[in-house]
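Asks: Numbering (the working numbering), first residue to last: 99 to 799.
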């Protein structure tokens, strides 16, 4: 065939390479049908000089005698029976005669045209006409008595160097329900044509997809494994073309492929991987499913046929096949980005041990590791049950830490070598492979730390905290923004737990020092995560001293002007913790702190009663020793509070902002339980220490 070049998925390959593009495992893809005589059945001949074409041959299909019936109610002897038999014979003769007439008048002329015509377009048209005529006469499948004659004529045309004609012939041959070697060779023919993307339109126009799916649906897998392999190779190729996706899904591709997987799983469970080429076949099936999963229609079908547990079973049975595991991991990576699919996998409890086994087996295979860790990050981000299931698996946290250590060392080694990637401008440099794994790992740690049983244990784990702090030490936001932010978010989640043996608490001052570089950055996400951590750590007296000594409180007051609700909430939390100490309450006078708190109350109160509660608590602490409201808060802010608080405490006014009943109930809960008690006390204090009398002017005499 030479070394002609074909293109698939944007990659140019020589013909010899493309032949092996199905899978990296050794796989002979030449036509090896072997010519042998089979009684009443012709097969494709062996290909020697021209392996890219099918040679001519005949096929005399096995005849099936028509079944004549004899009603059971009639006595099989006597005149009555003879009359019935005679009628049956007459009907049969009439039917045969009709078939003969149809064959001679409708089919024979087309066959003669195919034999003598030399123009390719005319031959293609004749093939289309033949297909339609056979369908009209109900002669497709194995019903036609002259099936062998038909196939012989078709096989003689296969050598013609025309992809368009070859596809028409292949479609017709498949419609005649060939089997075994003939089925294998016609699947090889279609596969050869499908290797070139330029033929995708031909495949679509001829509706070859439906014929191939019918092969997978109706033929026996155990006797046609190799034919299925080439059939799936073609389907995998065309599934990479977005134009085919809707058609594939509408024709039941997901259901057919998952049914095929189910059968293979059942066979493997009973007798092990006994089918030849089963691994190769699963690579093609799973690669095709990965292409289909981008469609929302396909995702719903994955759920309806319970595909996720079946795919997990494939992973368990073929754990030694990295290609299969990687394809399925890619499927799960995409599916778990959607809530319903993520919930379905999270509820399959066996998946957690499976993923851990894969991580341990392929610890240094970055492409598979990163996908498995990404899946775990999706599961643990949305489901507390997933956090618990994962953390209960033996060695789960240690596996994550082992991976963290492995890829941290790889990244550190890469930095020390001064690799070429690090010389790119930081704004343009994407994360390295090692950094990408570390990003996903810290995300999983942050997510599982949310669970109230797991979080305290992680906070007390010296290795966990050490790796997180090491990350903040050797990485800056400019080096790898996402990794630094994820590591800080994990520390924030761990700092929530005020437990005696917490390593976070032991290292709190060092952590505070590391966070300063985030606070002074221009990265708002980094600033927000740092403020979150200070919000938890500032419950400690030593951290409060650190904040004041390093002027961090001024930064928190300035952040109240950010108009960013989350940042205001966290900054207000830090200020609240500072005002617990009487000696530090005066800091709110700096930088217009009181006015900014009142502005936050006015701007965010009606939409965030928890933030409004924090503001009121901070003002309550600040005014503990109040003697006069105006002296404490200032005239302007006192008057603003006297106007705002009564309106916010009026239930009809305060909760009139949402038409969504669920959202309204949510706001009402926080308004009643958090905001209202504190706001009422604050209002009472201000009113009791405020005079409405105006001072008299001084007159001169």
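Every residue, glycine too, gets a C-beta built ideally from N, C-alpha and C.
Looking at the structure shown, is residue 783 part of a helix, part of a strand, or coil, going by DSSP?
Replies: For this step, residue 783 is matched to residue 685 along the chain shown. Helix at residue 783.
Asks: Between residue 502 and residue 494, how many whole angstroms is the CB-CB distance? I'm expecting something under 8 Å.
Replies: As a first step, residue 502 must be located in the chain shown, where it is residue number 404. As a first step, residue 494 must be located in the chain shown, where it is residue number 396. Going by Cβ atoms, the distance from residue 502 to residue 494 rounds to 13 Å, so no, they are not a contact pair.
Asks: Can you check which of these residues, 411, 365, 368, 198, is closest to residue 384 by C-alpha distance?
Replies: Position 286 of the chain shown, counted from the start, is the residue given in the question as residue 384. Residue 384 has its Cα closest to that of 411, out of 411, 365, 368, 198.
Asks: Starting from residue 298 and walking both ways along the alpha helix (DSSP H), at which residues does that stretch end?
Replies: One-based indexing of the chain shown puts residue 298 at position 200. Taken as a continuous stretch (DSSP letters only), the alpha helix (DSSP H) holding residue 298 covers 298-303.
Asks: Using the Cβ count rule (16 or more neighbours within 10 Å means buried), how would you classify residue 404?
Replies: In the chain shown, residue 404 corresponds to position 306, counting from 1. With fewer than 16 Cβ atoms within 10 Å of its Cβ, residue 404 is classed as exposed.
Asks: According to DSSP, is residue 608 helix, strand or coil?
Replies: As a working mapping, residue 608 is identified with position 510 in the chain shown. Helix.
Asks: Using a 10 Å radius around the Cβ and a threshold of 16 neighbouring Cβ atoms, would you call residue 596 buried or exposed?
Replies: The sequence position of residue 596 within the chain shown is 498, counting from 1. So residue 596 ends up on the exposed side.
Asks: Who are the near neighbours of residue 469 in its chain, counting only those whose CB is closer than 8 Å to its CB and skipping five residues on each side?
Replies: Indexing the chain shown from 1 puts residue 469 at position 371. Contacts found: 424, 427, 428, 430, 431.
Asks: What three-state label does DSSP hand residue 727 in the structure shown?
Replies: One-based indexing of the chain shown puts residue 727 at position 629. Note: residue 727 maps to helix in three-state DSSP.
Asks: Cβ of residue 565 within 8 Å of Cβ of residue 532?
Replies: Counted from its first residue, the chain shown places residue 565 at position 467. Counted from its first residue, the chain shown places residue 532 at position 434. Contact flag unset, no.
Asks: Per DSSP, what kind of secondary structure is residue 210 in: helix, strand or coil?
Replies: Here the question's residue 210 lines up with position 112 in the chain shown. Correct three-state label for residue 210: helix.
Asks: Between the Cα of residue 303 and those of 764, 689, 399, 226, spot the shortest distance and give me the residue it belongs to.
Replies: If you number the chain shown from 1, residue 303 lands on position 205. The shortest Cα separation from residue 303 among 764, 689, 399, 226 belongs to 226.
Asks: Three or more beta-carbon pairs under 8 Å between the stretch 262-278 and the stretch 308-325, yes or no?
Replies: At 8 Å Cβ cutoff, the stretches touch.
Asks: Round the Cβ separation of residue 260 and residue 218 to the nearest angstrom and send it over; I've been treating them as touching at under 8 Å.
Replies: Residue mapping note: residue 260 aligns to position 162 of the chain shown, counting from 1. Residue mapping note: residue 218 aligns to position 120 of the chain shown, counting from 1. That belief holds up - the Cβ atoms of residue 260 and residue 218 are roughly 5 Å apart, short of 8 Å.
Asks: Could you give the first and the last residue of the continuous alpha helix (DSSP H) run that contains residue 577?
Replies: For the purposes of this step, residue 577 is taken as residue 479 along the chain shown, with counting starting at 1. Taken as a continuous stretch (DSSP letters only), the alpha helix (DSSP H) holding residue 577 covers 575-593.
Asks: Under a three-way DSSP split, which group does residue 469 fall into?
Replies: Position 371 of the chain shown, counted from the first residue, corresponds to residue 469. Residue state, collapsed to three classes: helix.
Asks: Label residue 418 either buried or exposed according to how many other C-beta atoms from any shown protein chain fall within 10 Å of its C-beta, with 16 as the threshold for buried.
Replies: As a position in the chain shown, residue 418 is number 320, starting the count at 1. Answer is exposed; the Cβ neighbour count stays below 16.
Asks: Could you check which residue in 712, 588, 265, 789 has the C-alpha nearest to that of residue 737?
Replies: Taking the chain shown and counting its residues from 1, one reaches residue 737 at position 639. Closest option to residue 737, Cα to Cα, is 789.
Asks: Would the stretch 721-732 and the stretch 760-778 be scored as touching if the rule is three or more Cβ pairs under 8 Å?
Replies: No: the two stretches stay apart, fewer than three of their Cβ pairs being nearer than 8 Å.
Asks: Kindly give me the distance between the Cβ atoms of residue 292 and residue 342, rounded to whole angstroms, as I take these residues to be in contact under 8 Å.
Replies: Reading the chain shown from its first residue, position 194 is the one you call residue 292. Reading the chain shown from its first residue, position 244 is the one you call residue 342. No, residue 292 and residue 342 are not in contact; Cβ-Cβ is about 11 Å, not under 8 Å.
Asks: In the DSSP assignment, the alpha helix (DSSP H) including residue 255 goes from what residue to what residue?
Replies: Taking the first residue of the chain shown as position 1, residue 255 is located at position 157. Where residue 255 is concerned, there is no enclosing alpha helix (DSSP H), given that its DSSP letter is neither H nor E.
Asks: What would DSSP say about residue 547, mapped onto helix, strand or coil?
Replies: Numbered from its first residue, the chain shown carries residue 547 at position 449. DSSP places residue 547 in coil when its eight states are reduced to three.
Asks: Among residues of its own chain, excluding the 5 on either side of residue 534, which ones have a beta-carbon nearer than 7 Å to its beta-carbon?
Replies: The sequence position of residue 534 within the chain shown is 436, counting from 1. Taken in chain order, the residues that qualify are 468.
Asks: Going by DSSP, what residue range makes up the alpha helix (DSSP H) through residue 397?
Replies: Residue 397 sits at position 299 when you count from the first residue of the chain shown. Residues 394-402.
Asks: Alpha carbon to alpha carbon, what distance is there between residue 361 and residue 439?
Replies: Locating residue 439 in the chain shown gives position 341, where the first residue counts as 1. Locating residue 361 in the chain shown gives position 263, where the first residue counts as 1. If you take the alpha carbons of residue 439 and residue 361, they lie about 23 Å apart.
Asks: Here's the rule I'm using: 16 or more other beta-carbon atoms within 10 Å means buried, otherwise exposed. How should residue 618 be labelled?
Replies: Position 520 of the chain shown holds residue 618. By the 10 Å Cβ count, residue 618 comes out exposed.
Asks: Measuring CB to CB, does residue 391 end up less than 8 Å from residue 433?
Replies: Taking the chain shown and counting its residues from 1, one reaches residue 391 at position 293. Taking the chain shown and counting its residues from 1, one reaches residue 433 at position 335. Yes; because the gap between Cβ atoms is below 8 Å, this pair is in contact.
Asks: For the structure I just gave you, are there three or more beta carbon pairs, one from the stretch 534-553 and one from the stretch 602-613, closer than 8 Å?
Replies: Counting Cβ pairs under 8 Å, fewer than three are found: no touch.
Asks: Between which two residues does the alpha helix (DSSP H) holding residue 572 run?
Replies: On the chain shown, position 474 is the one that residue 572 refers to. Per DSSP, residue 572 belongs to the alpha helix (DSSP H) from 560-572.
Asks: Using only the alpha-carbon positions, how far apart do residue 803 and residue 645 sit?
Replies: Outside the displayed span of the chain (99 to 799) sits residue 803, for which this structure offers no information.
Asks: Suppose contacts are defined by Cβ-Cβ distances below 8 Å. Is residue 668 in contact with residue 613 by that definition?
Replies: Translated into the one-based positions of the chain shown, residue 668 becomes position 570. Translated into the one-based positions of the chain shown, residue 613 becomes position 515. Their beta carbons are not under 8 Å apart, which means residue 668 does not touch residue 613 by this criterion.
Asks: Whose C-alpha, out of 222, 211, 233, 214, is nearest the C-alpha of residue 200?
Replies: Here the question's residue 200 lines up with position 102 in the chain shown. Taking only the C-alpha atoms, the option nearest residue 200 is 233.
Asks: Need the endpoints of the alpha helix (DSSP H) that residue 715 sits in, please.
Replies: Within the chain shown, the letter at position 617 stands for residue 715. Its alpha helix (DSSP H) spans residues 707-720.
Asks: Could you check what DSSP says for residue 673 in three-state terms: helix, strand or coil?
Replies: Locating residue 673 in the chain shown gives position 575, where the first residue counts as 1. Residue 673 falls in the helix class under three-state DSSP.
Asks: I need the straight-line Cα distance from residue 256 to residue 458, nearest angstrom please.
Replies: The residue you call residue 256 lines up with position 158 of the chain shown. The residue you call residue 458 lines up with position 360 of the chain shown. Roughly 51 Å separates the two Cα atoms.
Asks: What is the rounded straight-line gap between the Cα of residue 213 and the Cα of residue 198?
Replies: Position 115 of the chain shown, counted from the first residue, corresponds to residue 213. Position 100 of the chain shown, counted from the first residue, corresponds to residue 198. Taking the straight line joining both Cα atoms gives about 21 Å.
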